[in-house]
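Student: Following this message is one structure expressed as structure tokens.
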Amino acid sequence: MTEDAARKALEARLAELDQLQAMSAEGRAPVTLQQDSVGRLSRIDAMQQQAMAQAEQRRREAERTRIAAALARLDEGEWGWCVTCGEQIAEGRLSGDPSLATCVQCAGGRR
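Going by the UniProt record's numbering, the residue at position 51 of the sequence shown is 51; the numbering climbs one at a time, nothing skipped.
Okay, here's the thing in structure tokens:
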């Protein structure tokens, strides 16, 4: 994967994350159900749905952080090199996820 292709893929994923965040805003909102008209199980279900939406938002934020770091490595000319050992990251690994910062060995804790 070329650096230009990686940059385009990373920027496209950021745009996708922005759309997902906008679409899920309602699911992360505080649960407000009236106890007299809605059963306790319905409230528990709504709270569980809210918790799952919030967890998904945290995962998206973590991915956004990884993408920002990858874009910074691209700007610095360091993209494609393992941040732990300095070895080149395999092309296939980067093709699958251009935001990866470590080689297979370092990701697996073998170094």
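Where a beta carbon is used, it is the ideal one built from N, C-alpha and C, also for glycine.
Pick out whichever of G108, E78, R58 and G109 has its Cα sitting closest to the Cα of S99.
Tutor: Counting from 1 along the sequence shown, the entry for residue 99 is found at position 99. Selected option, being the one with the closest Cα: E78.
Student: Got a sec? Which residues, its chain only, sit under 6 Å from A6 by beta carbon, not counting five neighbours each side?
Tutor: Counted from its first residue, the sequence shown places residue 6 at position 6. Excluding residues within five positions, the ones whose Cβ falls inside 6 Å are P98.
Student: Between which two residues does the alpha helix (DSSP H) carrying Q88 extend?
Tutor: As a working mapping, residue 88 is identified with position 88 in the sequence shown. It is not in any alpha helix (DSSP H) - Q88 carries neither H nor E in the DSSP assignment.
Student: Assuming the contact rule is C-beta atoms closer than 8 Å, S24 and A55 should be a hit. Round their C-beta distance to whole Å, please.
Tutor: For the purposes of this step, residue 24 is taken as residue 24 along the sequence shown, with counting starting at 1. For the purposes of this step, residue 55 is taken as residue 55 along the sequence shown, with counting starting at 1. With 8 Å as the limit, S24 and A55 do not qualify as a contact, their Cβ atoms being about 11 Å apart.
Student: Does the beta-carbon distance from L94 to R64 come in below 7 Å?
Tutor: Position 94 of the sequence shown, counted from the start, is the residue given in the question as residue 94. Position 64 of the sequence shown, counted from the start, is the residue given in the question as residue 64. No; because the gap between Cβ atoms is not below 7 Å, this pair is not in contact.
Student: How big is the Cα-Cα spacing for A69 and R110?
Tutor: Your numbering for residue 69 matches position 69 in the sequence shown. Your numbering for residue 110 matches position 110 in the sequence shown. Going from the Cα of A69 to the Cα of R110 covers about 23 Å.
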